[in-house]
Amino acid sequence: MAHKFTFYNTLNRKVEEFSPREEGKVSMYTCGPTVYHYAHIGNIRTYIMQDVLIKALEYAGYDVKRVMNITDVGHLSSDADTGEDKMLAGAKREHKTVMEIAKFYTDAFFKDFDAVGNKRPDVVEPATNCIPEFINMVQVLLDKGFAYTAGGNVYFDTSKLKDYYVFSSEVEKEELQVGVRDDVEEDTNKRNKTDFVLWFTKSKFEDQALKWDSPWGVGYPGWHIECSCISMKHLGEYIDIHCGGVDNIFPHHTNEIAQSESYLGHEWCKYWFHSNHLNDRVGKMSKSKGAVLTVSVLKEKGYDPLVYRFFCLQSHYRKPLEFSFEALDNVAGVYNKLVKRVAELKPEGQVDETVKKQFEDAFSDAVCGDLNTSMAITVLYDALKADTNDATKLALVENFDKVLSLDLLGHAKALGEGNEVDPELEAYILDAISRRAEAKKAKDFATADAIRAELLEKGVEIKDTREGVKWQLI
Ligand code: AMP
Ligand code: ZN
């Protein structure tokens with residue numbers, strides 16, 4: 021039996037208990053990157069929080085299958101199907117082909133995705149691999165009367181739905197309607213302002229690089245159709261959880277639901293998980309703004325990518341997070357101290373299963389309770405402070421890292437290796453410690469203090485702990 025698991029379901033606008041269709045199994049779809057530019061650290065925040073969601077579900081006892089698309093066609097500069105194809109703009113900017121751009125930025129994306137400790141999805145599928153599936157879905161939508169052709173393009177007819185704005189409260193609906201009305205670039209082919217393109221054969225730019233034959237003429241798919249089709253191709257007619265950033269809620273996920281449920285004739289996905297944005301001081305981080313701050317750039321500046329992950333884990337996924345280098349520096353300091361503490365643990369004693377279970381339960385409650393990652397980190401600190409032996413603490417650090425993926429043990433080991441002392445110095449330290457113990461026993465505290473000072477002068481700090489004297493190089 022999996023542990024009780026809750027998170028915020030955008031569809032019902034509340035924190036809900038998760039219950040998958042098939043016991044113990046989770047099918048999950050996540051919107052992938054648009055590969056016309058580097059993924060910035062904001063995009064990566066979204067993928068870190070999704071990774072934590074998956075690992076927390078696994079920690080709770082679920083078996084998760086996750087599919088992700090790579091958007092390499094059809095995403096226009098406005099999510100409302102206007103402007104230029106982002107991929108084409110990227111290719112022009114760099115005087116390369118769209119395919120070269122897609123390959124380059126997909127590789128760059130995964131380099132940063134991996135560096136922050138994320139597990140790769142089980143399936144990654146570029147949109148351009150699935151053109152026959154898109155054509156099939158568009159055809160079915162036309163046959164069922166949910167779509168129409170106009171001016172050479174195929175559109176989804178949102179007036180055919182009882183409730184198009186599925187994610188929005190009544191107030192939000194009104195705001196969205198005003199927003200849609202005020203959208204500057206109007207497509208006169210649309211019967212309703214909210215209709216969206218399923219297949220383009222005509223657009224303002226004639227030099228679209230990627231084109232395919234279709235029953236409606238040579239063209240290319242709209243952006244939203246890819247996620248519905250790729251999800252169904254690998255996960256079937258139902259999925260349990262669909263993930264994305266909050267900017268995906270409207271119009272992208274709203275449109276995905278419209279076309280998927282019209283195509284299927286039943287509910288498609290029960291739980292929608294959205295994580296909030298990373299902002300810099302001037303607002304939302306965005307690829308289209310030009311210079312982008314990436315995980316690789318952070319690395320070049322000397323930051324460990326896992327420090328960025330730690331930074332993200334300290335705040336809740338539903339809150340906007342403001343990035344600054346000062347904040348990251350602070351977190352780097354905290355992370356290094358944490359690694360040092362873990363490095364001090366010696367694999368001594370037998371794991372105390374009762375204590376271990378107690379902390380694991382507290383950790384489960386945190387991560388399975390709407391992904392309370394900062395609480396999970398507090399549990400980690402509590403475990404390190406606990407009145408138990410080092411073997412138990414090490415086992416807990418290893419266990420929690422299944423979800424946190426901060427590689428604390430790996431970093432601690434590296435720190436230990438970096439600090440390897442030469443045997444002569446070590447012999448001297450051990451001798452000094454035993455001389456100090458004897459002095460203390462003889463109540464000769466002056467000598468004991470002098471030995472401590474002598475060690476300190478040589479860069480060795482000693483600490484009296486319940487498990488005996490510990491030393492470290494400073
Ligand atoms: P894109 O490559 O633009 O399609 O975005 C990839 C993912 O990053 C999507 O799920 C977006 O919702 C998400 N995203 C975009 N901007 C941000 C941001 N500033 N902070 C966090 N996530 C973002
Ligand atoms: Zn998507």
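For the sequence shown, our numbering begins at 21 and goes up steadily by one. Idealized CB from N, CA, C, for every residue including glycine. Source: prediction; values computed, not measured.
- Secondary-structure assignment with DSSP links TYR28 through a beta bridge to VAL35.
- Take the alpha-carbon of THR412 and the one of ALA382: they are about 15 Å apart.
- Across the set GLN492, GLU458, LEU429, ALA473, the C-alpha of GLN492 shows the shortest separation from the C-alpha of GLU446.
- Within a 10 Å sphere around the beta-carbon of GLU145 sit 16 or more other beta-carbons, which makes this residue buried.
- Taking ASN32 as reference, the option from CYS289, ALA352, GLY430, TYR283 with the minimal CA-CA separation is CYS289.
- Residue pairing for ARG86: DSSP places it in a beta bridge opposite MET48.
- Contact between the segment 257-274 and the segment 142-161 is absent, with fewer than three C-beta pairs closer than 8 Å.
- In the DSSP assignment, TRP292 falls within the unbroken beta strand (DSSP E) covering 289-295.
- Taking 7 Å as the cut-off, the beta carbon of ALA167 is found closer than this to the beta carbon of LEU218.
- Note that the segment 181-190 touches the segment 268-279; at least 3 beta-carbon pairs, one per stretch, sit closer than 8 Å.
- Counted as a single uninterrupted DSSP element, the alpha helix (DSSP H) harbouring ILE155 occupies residues 151-163.
- Taking 7 Å as the cut-off, the Cβ atoms of TYR49 and ASN138 do not count as close.
- Straight-line measurement puts the Cα of PHE293 at about 33 Å from the Cα of VAL375.
- Bounds of the beta strand (DSSP E) holding ASP484 are 480-485.
- When the beta-carbon positions are compared, ARG65 and CYS332 come within less than 7 Å of each other.
- Judged by their CB atoms, CYS388 and CYS247 are not nearer to each other than the 7 Å cut-off.
- A distance criterion of 6 Å places the beta-carbon of CYS249 beyond contact range of the ligand ZN, judged by its closest non-hydrogen atom.
- Partner residues in a beta bridge of LYS366, as assigned by DSSP, do not exist.
- Boundaries of the alpha helix (DSSP H) harbouring VAL399: 393-405, taken from the DSSP string.
- Residue nearest to LYS231 within the set ASP92, MET21, LEU77 is ASP92 (criterion: CA-CA distance).
- A Cβ-Cβ distance of about 10 Å is found for the pair VAL327 and LEU358, leaving them out of contact under the 8 Å criterion.
- Neighbourhood of the ligand AMP, defined by CB distance below 5 Å to any of its heavy atoms: CYS51, PRO53, THR54, GLY62, ASN63, ARG65, THR66, GLY264, GLY265, ASP267, ASN268, HIS297, LEU298, LYS304, MET305, in chain order.
- Membership of GLY110 in the alpha helix (DSSP H) is indicated by the continuous run 106-114.
- Fewer than three pairs of CB atoms, one per stretch, sit closer than 8 Å, so the segment 423-432 makes no contact with the segment 450-469.
- Taking 7 Å as the cut-off, the beta carbon of ASN392 is found no closer than this to the beta carbon of PRO340.
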